[in-house]
Amino acid sequence: MHKVKGVVVKAKNEPATVETILVPDPGPGEALVDVLTCGVCQTDLHYKVGGVSDDFPFLLGHEAAGVVSAVGEGVTEVEVGDHVILNWRAVCGECRACRKGEPWYCFNTHNATQKMTLEDGTELEPALGIGAFAEKTLVAAGQCTRVETPLEDDQFAAVGLLGCGVTAGIGAAINTGAVKRGESVAVIGCGGVGTAAIAGAALAGATTIIAVDLDDEKLATAKRLGATHTVNSKNNDPVKAIQELTDGNGADVVIDAVGIEPTFKQAFQARDLAGRVVLVGVPDPGTTIELPLDEIFSRGGSIKSAWYGDTLPSRDFPMLVDQYKLGRLDLDAFVTERIELDQVDEAFETMKAGKVLRSVVEMPR
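One point on numbering: in my numbering, the residue at position 107 of the sequence shown is 107, and numbering is uninterrupted.
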């Protein structure tokens, strides 16, 4: 048993506080990971405010990189000393999605069987089965993706972000939207995920990449990461602007990285005939939308939601790390600030104010 510090939220809307937690040695199929870095993601805030479930207390954090310090019986995926990115899609290999050859949709992903606890024995529910705002965390071995590309110590803050938001955005473009060379792409909402979708569109070879947001600073960041055009939707009708930038046709792919009714309708209206709409912004529970069925039919194409950017960690993480090392994917640009464990609650406020792409916790070494 390991006694370490971790960030816990004990009840709905309570502050996230640093607590002493107990982490078991790994059992069969599990891995113990010394956390190096962990990004502050919107999903962690959803846990804090009760937007995911009521299974408090939660051990927050999931966008993480670390080093494997111990493995349990039967583990072959990783070894002690491996640098890893943690993921929340540890595919089972047996569910109907895996059997169909679509493991990125795995419906039965693995988490550690044993529970991490507070000192009084209260069991903690780890965010997305990871719980990485902690000096050590216990996960299923399949949640560890080995990083074989040599990295400098200060690069893990950027690479760890592949564990969730950055990959969700890149995958929404490359995997779900299937962006092709020479196509046009519009992304509505330029937070961390939307900006990553822009970077993904650039990586895929899109030649017209339109960033849409209400904030000029976010649009400037989007421009640095690959957008060819920007639209401030506070001052301009985004649908008309996207059409004007695509010869009056609309974009081949429009990605809604916000997930509210107005932005989804804009995405639907701003795509070309036979174009693709991708929803990667997570809607609040109960969100509804009304669209004319005849327009859905007459526009053709497709409307898709991006679950984790249809990412298969074992396939996509190594490729994206290589693209980063080759200078084709600027992951460093997503790291707005580096903080300590006791600053996570402040980072939630900074994130809500829209002042960062990512705050990243760095553990003492």
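Glycine is no exception: its CB is placed at the ideal position from the N, C-alpha and C atoms.
Start and end residues, alpha helix (DSSP H) containing residue i
i             : result
arginine 338  : Counting along the chain, arginine 338 falls outside any alpha helix (DSSP H), though it belongs to the beta strand (DSSP E) covering 337 to 339.
threonine 350 : 344 to 352
serine 314    : 313 to 325
aspartate 44  : 42 to 48
Three-state secondary structure (DSSP) of residue i
i                 : result
histidine 2       : strand
isoleucine 21     : strand
leucine 331       : helix
threonine 167     : helix
aspartate 272     : strand
valine 282        : coil
glutamate 290     : coil
phenylalanine 156 : helix
serine 69         : strand
alanine 64        : strand
phenylalanine 56  : coil
Extent of the continuous beta strand (DSSP E) to which residue i belongs
i              : result
arginine 365   : Here arginine 365 belongs to no beta strand (DSSP E), and DSSP marks it neither H nor E.
isoleucine 303 : 302 to 305
aspartate 34   : 30 to 39
glutamate 183  : First-last for glutamate 183: undefined, no H or E at that position.
Nearest-angstrom beta carbon gap, residue j and residue i [assumed within contact, 8 Å]
i              : j              : result
alanine 267    : aspartate 256  : 4 Å
valine 18      : valine 7       : 6 Å
threonine 76   : alanine 127    : That pair is no contact at about 26 Å.
isoleucine 174 : glycine 61     : Rounded, the Cβ-Cβ distance is 26 Å, inconsistent with contact.
glycine 275    : glycine 248    : That pair is no contact at about 13 Å.
leucine 203    : arginine 328   : 6 Å
alanine 220    : isoleucine 209 : Not confirmed; about 14 Å, so no contact.
proline 24     : methionine 1   : 6 Å
Residue j beta carbon less than 8 Å from that of residue i
i                 : j                 : result
glycine 74        : arginine 358      : no
valine 159        : tyrosine 324      : yes
glycine 189       : valine 258        : yes
valine 33         : leucine 86        : yes
glycine 72        : lysine 12         : no
cysteine 41       : glutamate 63      : yes
valine 185        : glycine 194       : no
threonine 366     : aspartate 310     : Because the chain spans 1 through 365 in this model, residue 366 falls outside it and cannot be assessed.
threonine 167     : leucine 45        : no
tryptophan 88     : glutamine 143     : yes
leucine 385       : phenylalanine 58  : No statement about residue 385 is possible, as the shown extent of the chain runs from 1 to 365 and does not include it.
methionine 363    : glutamate 183     : no
phenylalanine 317 : threonine 109     : no
glutamate 119     : threonine 263     : no
valine 356        : isoleucine 339    : no
leucine 279       : alanine 306       : yes
proline 283       : isoleucine 303    : no
valine 80         : alanine 70        : yes
alanine 199       : glycine 165       : no
glycine 29        : alanine 141       : yes
phenylalanine 348 : lysine 48         : yes
asparagine 232    : leucine 214       : yes
valine 344        : phenylalanine 133 : yes
isoleucine 296    : lysine 265        : no
alanine 206       : glutamine 243     : no
C-beta neighbour in chain D for residue i, strict 8 Å
i             : result
glutamate 102 : Going by chain labels, chain D is absent from the structure shown, which holds only one protein chain.
In the stretch 189 to 261, which residue ranges form an unbroken beta strand (DSSP E) of at least 3 residues, counting only runs that do not cross its ends?
Entirely contained in the stretch 189 to 261, the beta strand (DSSP E) runs reaching 3 residues are, in chain order, 208 to 213, 229 to 232, 251 to 256.
I'd like the ranges of any beta strand (DSSP E) spanning at least 3 consecutive residues and lying wholly in the stretch 73 to 151.
83 to 86, 136 to 140, 144 to 146
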